[in-house]
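Remarks on the structure that follows.
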Ligand SMILES: [Zn+2]
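Residue numbers (my numbering): 1318 to 1491.
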């Protein structure tokens, strides 16, 4: 999976080549200009790897709902317009459901008499845990995604070869 580092200014300014970031076909849309402002990690939880990888997907969801008036962003073809949004819903929604179903089952079980079996919501929560944790890792690792950032640039993994070569060509001309 090719990695590519893009300047925050290039993402915000919409100056990237019109080649789909995911598949390398002709791109029609620029999306997620807010990605230019992305920083991994949550200040309250330094070094927590889950928090930092969730911060990318959370940022995508927030950015997809904010109306996208700015002209910049990364290029996507028609087919891949919603590529990040669908994955972000699965990952963020899955975590929210996991935490909520665990909390509800613990609450319901502590409210029951001690000789009763755990509440059935526990079975739901455990089944979701067993399905979701591996599925989440597979989806996350197989996705094109931002993996690092510094003050000026953002590094993404899994960019299409077509995009990377068009980008290098453009950089070479500049
Ligand atoms: Zn595409």
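Each residue gets a CB set at the ideal place from its N, CA and C atoms; glycine is no exception.
{"Check": "Compare the Cα-Cα distances from residue 1328 to each of 1340, 1335, 1353, 1343 and report the closest residue.", "Outcome": "1353"}
{"Check": "For residue 1440, is the classification buried or exposed, using 16 other Cβ atoms within 10 angstroms of its Cβ as the cut-off for buried?", "Outcome": "exposed"}
{"Check": "When the cut-off is 9 Å and only beta carbons count, does residue 1381 lie next to chain C?", "Outcome": "In summary, chain C is missing from the structure at hand, where a single protein chain is found."}
{"Check": "Please specify which runs of the alpha helix (DSSP H), each continuous and at least 4 residues long, are wholly inside the region 1338-1411, giving them in chain order.", "Outcome": "1366-1382"}
{"Check": "Just to confirm, does residue 1341 get its C-beta within under 8 Å of one of the non-hydrogen atoms of ligand 1?", "Outcome": "yes"}
{"Check": "Is the beta carbon of residue 1475 closer than 9 Å to that of residue 1336?", "Outcome": "no"}
{"Check": "What is the DSSP secondary structure of residue 1470, counted as helix, strand or coil?", "Outcome": "strand"}
{"Check": "Note down, one range per segment and in chain order, each alpha helix (DSSP H) of at least 4 residues found wholly within the region 1431-1470.", "Outcome": "1437-1459"}
{"Check": "Between 1402, 1466, 1429, which lies nearest to residue 1325 when the distance is taken from Cα to Cα?", "Outcome": "1466"}
{"Check": "Under the criterion of a Cβ to heavy atom distance below 8 Å, does residue 1349 qualify as lining ligand 1?", "Outcome": "no"}
{"Check": "Just mark residue 1366 as buried or exposed, buried being the case when its beta carbon has 16 or more other beta carbons within 10 Å.", "Outcome": "exposed"}
{"Check": "In the DSSP assignment, find the unbroken alpha helix (DSSP H) run with residue 1482 in it and report its ends.", "Outcome": "1478-1490"}
{"Check": "Let's see if you can read the secondary structure: which residues bound the alpha helix (DSSP H) around residue 1330?", "Outcome": "1325-1330"}
{"Check": "From the DSSP output, which residues share a beta bridge with residue 1322?", "Outcome": "1472"}
{"Check": "Throw me the rounded Cβ distance for the residue 1339 and residue 1461 pair, which I believe falls under 8 Å.", "Outcome": "6 Å"}
{"Check": "Residue 1390: which of 1351, 1426, 1491, 1414 sits nearest, CA to CA?", "Outcome": "1351"}
{"Check": "Let me confirm a value: residue 1417 is counted as buried when at least 16 other C-beta atoms fall within 10 Å, else exposed. Which label applies?", "Outcome": "exposed"}
{"Check": "Does the Cβ of residue 1370 have 16 or more other Cβ atoms within 10 Å, making it buried, or fewer, making it exposed?", "Outcome": "buried"}
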